[in-house]
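Participant: Under my numbering, the first residue of the sequence shown is numbered 12, with each subsequent residue one higher.
Quick reminder that beta carbons are idealized off the backbone N, C-alpha and C, glycines included.
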Amino acid sequence: MLLLSLFIHIGSISGVLSSNRPLCFTTPQQHRSVSPWVSSSVTSSKKLLPSTTTVTNTNANLQRLFLSSDNNEDSIPTPTLTNINKEQMEEILSHVENGTGGDNNANYVIIDVRGEPEIMMGTGLMIDKVRILPLPQITMMGAFDMDDKSFEAQFNFPKPDVEEDTLVFTCKMGGRSQQAAQLAAMAGYKNIINYTGGADDWFGGEFV
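Spelled out as structure tokens, the structure:
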């Protein structure tokens, strides 16, 4: 009888231990190892969306700088940029020399944005009436944002009129003149022309 009672007692203890055993293999760390990781990933993704949208909108605004035909806001005029070749540049230079404005009666102001030493030691100007306004002075001095008096005192020619004049930019091969055209548009100029070939095209590589 004593042995039977002892056996029954030991069996009941084993049953209790067996029923509680799974608790020994479930830890708080196992639960936390999944859910916080997923939550953090979702949160991070949401935080990236506004930044990406902002960049996209900024690029869109830059691309619309010279778009006027698709603009539905008639009360806000936008600048127009025309890229021209050598033949078209010859026609504009002829109008400037003769004091005429062509079919559209434009008042052309031709601006060479190369540095003065680069011009004088190289090709020279296309014609004497071309104005010299180096790109670094446009960017660093904010040339197109100056008042008329300060502009003329600094650059020795009258500041082009924002509404009435058509700016024609040229440089060595079209890159700097393109930048100058963008700066002029930002300053409010409406009619802008870029000679894409520049001095390399005009002078046929001579002196360049």
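Need the endpoints of the alpha helix (DSSP H) that Asp212 sits in, please.
Facilitator: The residue you call residue 212 lines up with position 201 of the sequence shown. Here the alpha helix (DSSP H) through Asp212 covers Gly209 to Trp213.
Participant: Whose C-beta lies closer than 7 angstroms to the C-beta of Leu146 among residues of the same chain, with five residues either side of it excluded?
Facilitator: Locating residue 146 in the sequence shown gives position 135, counting from the first residue. Cβ neighbours of Leu146 beyond the five flanking positions: Val124, Arg187, Gln190 and Ala191.
Participant: Between the alpha carbons of Ile227 and Arg142, how many angstroms are there, rounded?
Facilitator: Given a span of 12 to 219 for the chain in the structure shown, any question on residue 227 remains unanswerable.
Participant: Ordered along the chain, which non-local residues of its own chain (more than five positions away) have a Cβ less than 6 angstroms from that of Tyr206?
Facilitator: As a working note, residue 206 is residue 195 in the sequence shown. Hits under 6 angstroms: Ile95, Met100 and Thr181.
Participant: Quick check: the Cα distance between Asp159 and Gly199, rounded to an integer number of angstroms?
Facilitator: Locating residue 159 in the sequence shown gives position 148, counting from the first residue. Locating residue 199 in the sequence shown gives position 188, counting from the first residue. Rounded to the nearest angstrom, the two C-alpha atoms are 14 angstroms apart.
Participant: Does DSSP put Asn109 in a helix, in a strand, or in coil?
Facilitator: As a working note, residue 109 is residue 98 in the sequence shown. Three-state result, Asn109: helix.
Participant: Distance, Cα to Cα, Ala195 vs Phe155?
Facilitator: Against the sequence shown, residue 195 aligns to sequence position 184. Against the sequence shown, residue 155 aligns to sequence position 144. Answer to the nearest angstrom: the Cα atoms are 6 angstroms apart.
Participant: Could you tell me the distance, in whole angstroms, from the CA atom of Thr69 to the CA atom of Asn109?
Facilitator: To locate residue 69, count along the sequence shown from 1; it is residue 58. To locate residue 109, count along the sequence shown from 1; it is residue 98. Note on Thr69: pLDDT 33, under 50, position unreliable in the model; the coordinate value appears next. In a straight line, the C-alpha of Thr69 is about 43 angstroms away from that of Asn109.
Participant: Tell me the residue span of the alpha helix (DSSP H) that contains Thr150.
Facilitator: Here residue 150 refers to the residue found at position 139 when the sequence shown is read from its first residue. Segment Leu146 to Met152, the alpha helix (DSSP H) holding Thr150.
Participant: When burial is assigned at 16 or more other CB atoms within 10 Å of the CB, is Pro169 buried or exposed?
Facilitator: Taking the sequence shown and counting its residues from 1, one reaches residue 169 at position 158. Result: exposed.
Participant: Closest to Asn209 by C-alpha separation, out of Met137, Gln193 and Asn115, would be which residue?
Facilitator: Residue mapping note: residue 209 aligns to position 198 of the sequence shown, counting from 1. The sequence given here places Gly at residue 209; Asn does not occur at that position. Comparing Cα-Cα distances from Gly209 to each of Met137, Gln193 and Asn115, the minimum goes to Met137.
Participant: Classify Pro128 as buried or exposed, calling it buried when 16 or more other Cβ atoms lie within 10 Å of its own Cβ.
Facilitator: Locating residue 128 in the sequence shown gives position 117, counting from the first residue. Flag for Pro128 reads exposed.
Participant: Are the Cβ atoms of Lys97 and Asp212 separated by less than 8 angstroms?
Facilitator: Within the sequence shown, the letter at position 86 stands for residue 97. Within the sequence shown, the letter at position 201 stands for residue 212. For Lys97 and Asp212, yes; Cβs fall inside 8 angstroms.
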